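For reference, the structure is listed below as structure tokens.
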Amino acid sequence: DAGVIQSPRHEVTEMGQEVTLRCKPISGHNSLFWYRQTMMRGLELLIYFNNNVPIDDSGMPEDRFSAKMPNASFSTLKIQPSEPRDSAVYFCASSLGRPRTPLHFGNGTRLTVT
Amino acid sequence: DAKTTQPPSMDCAEGRAANLPCNHSTISGNEYVYWYRQIHSQGPQYIIHGLKNNETNEMASLIITEDRKSSTLILPHATLRDTAVYYCIVRETGANNLFFGTGTRLTVIP
Chain A
204 DAGVIQSPRH EVTEMGQEVT LRCKPISGHN SLFWYRQTMM RGLELLIYFN NNVPIDDSGM
264 PEDRFSAKMP NASFSTLKIQ PSEPRDSAVY FCASSLGRPR TPLHFGNGTR LTVT
Chain B
7 DAKTTQPPSM DCAEGRAANL PCNHSTISGN EYVYWYRQIH SQGPQYIIHG LKNNETNEMA
67 SLIITEDRKS STLILPHATL RDTAVYYCIV RETGANNLFF GTGTRLTVIP
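Here the protein sequences come in this chain order: A and B.
Residues in the first sequence are numbered consecutively from 204, following this note's numbering.
Residues in the second sequence are numbered consecutively from 7, following this note's numbering.
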């Protein structure tokens, strides 16, 4: 079990550029979550998917953010255009999707927008 | 609207038991108590969860009061590697997502 794999681990980009964060969930897990962590706001749920379908995207900050899950083994979170206030650590997590099953988190992508 | 209240920080001597409290006075009958921790530069890690009975696994024990309005996470023999932020979360039975509060920063002191 390789765990949830996120890439890249670190991303530095200039304001206005497009940023794509990637996540590979644990095999067999059918729920996937994107979180963002900052010092000011802590861990925030951005969006989650069940069986590749977005269920709740109410945490997505604005239209510049979009997330896709084209298949059960891959998801992306895209920011276009990026802004300095998007600087944060972005975590992906997956779970079996059944009630009370725990979420397993990746080690995150640290995004810095200059 | 925070569902849980935790002290912002605690210290514990290495080798001693670490007891982390959590208040969840508005918990409803179908909500579970979950504990996660986050070690520096890593993603949150699941520790344990329970409804109303005390629970124990290889990582920790969870003690829930009879009225379910508070709970305590116990690390029986804290090590330096247990230094982390510990999150107490209340989650509905059928809910698939998790909402994190501010947690307790536990520092294990040599």
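We put the beta carbon where it would ideally sit given N, CA and C, even for glycine.
Bear in mind that the values here come from a model prediction, so they are computed numbers and not experimental data.
In three-state terms, what does DSSP make of residue i?
i: E214 (chain A); result: strand
i: P82 (chain B); result: coil
i: E87 (chain B); result: Residue 87 (chain B) is actually Arg in this sequence, not Glu. R87 (chain B) falls in the helix class under three-state DSSP.
i: D7 (chain B); result: Low local confidence applies: a pLDDT of 47 at D7 (chain B) is under 50, so the model's placement there is unreliable, with the coordinate-based value given in what follows. Note: D7 (chain B) maps to coil in three-state DSSP.
i: P228 (chain A); result: coil
i: D289 (chain A); result: helix
i: N25 (chain B); result: strand
i: F105 (chain B); result: coil
i: T312 (chain A); result: strand
i: M272 (chain A); result: strand
i: L57 (chain B); result: coil
i: I208 (chain A); result: strand
i: Q44 (chain B); result: strand
i: T317 (chain A); result: coil
Name, please, each residue of chain C whose Cβ falls closer than 9 Å to the Cβ of residue i.
i: F308 (chain A); result: Although the question refers to chain C, the structure presented lacks it and instead comprises the protein chains A and B.
Buried or exposed: which applies to residue i, given that a residue is buried once 16 or more other Cβ atoms fall within 10 Å of its Cβ?
i: H30 (chain B); result: buried
i: T10 (chain B); result: buried
i: L86 (chain B); result: exposed
i: R335 (chain A); result: A query on residue 335 (chain A) cannot be resolved here, the shown segment of chain A reaching from 204 to 317 and no further.
i: A296 (chain A); result: buried
i: S234 (chain A); result: buried
i: I258 (chain A); result: exposed
i: D289 (chain A); result: buried
i: A24 (chain B); result: buried
i: T241 (chain A); result: exposed
i: V207 (chain A); result: buried
i: S298 (chain A); result: buried
i: H307 (chain A); result: buried
i: V222 (chain A); result: buried
Taking the DSSP output, what are the residues bridged to residue i?
i: M16 (chain B); result: B:L112
i: R97 (chain B); result: B:Y38
i: L299 (chain A); result: Partner(s): none; L299 (chain A) has no beta bridge.
i: H307 (chain A); result: A:S297
i: I33 (chain B); result: Bridge partners of I33 (chain B): none, in fact.
i: K281 (chain A); result: A:T223 and A:S269
i: T62 (chain B); result: B:S67
Closer than 8 Å by beta-carbon distance: list the chain A residues that pair up with residue i, in chain order.
i: L68 (chain B); result: Here the premise fails: no neighbours, minimum Cβ distance about 13 Å.
i: T89 (chain B); result: Simply none; closest approach about 17 Å.
i: H30 (chain B); result: Under the 8 Å cutoff, chain A gives no residues; its nearest Cβ is about 16 Å from H30 (chain B).
i: Y38 (chain B); result: R303
i: H55 (chain B); result: R303 and P305
i: T99 (chain B); result: P302 and R303
Which residues in chain B sit within 8 Å of residue i, going by Cβ to Cβ distance?
i: N253 (chain A); result: N102
i: S285 (chain A); result: Neighbours of S285 (chain A) on chain B: none; closest Cβ ~22 Å, over 8 Å.
For residue i, return the contacting residues in chain B, with the cut-off set at a CB-CB distance below 7 Å.
i: D260 (chain A); result: Under the 7 Å cutoff, chain B gives no residues; its nearest Cβ is about 12 Å from D260 (chain A).
i: G311 (chain A); result: G49
Which residues in chain A have a C-beta closer than 7 Å to the C-beta of residue i? List them in chain order.
i: T108 (chain B); result: G245
Q.
For a minimum of 3 consecutive residues, which ranges assigned as the beta strand (DSSP E) are wholly contained in the region 239-266 of chain A?
A. You should have 245-253 and 256-259.
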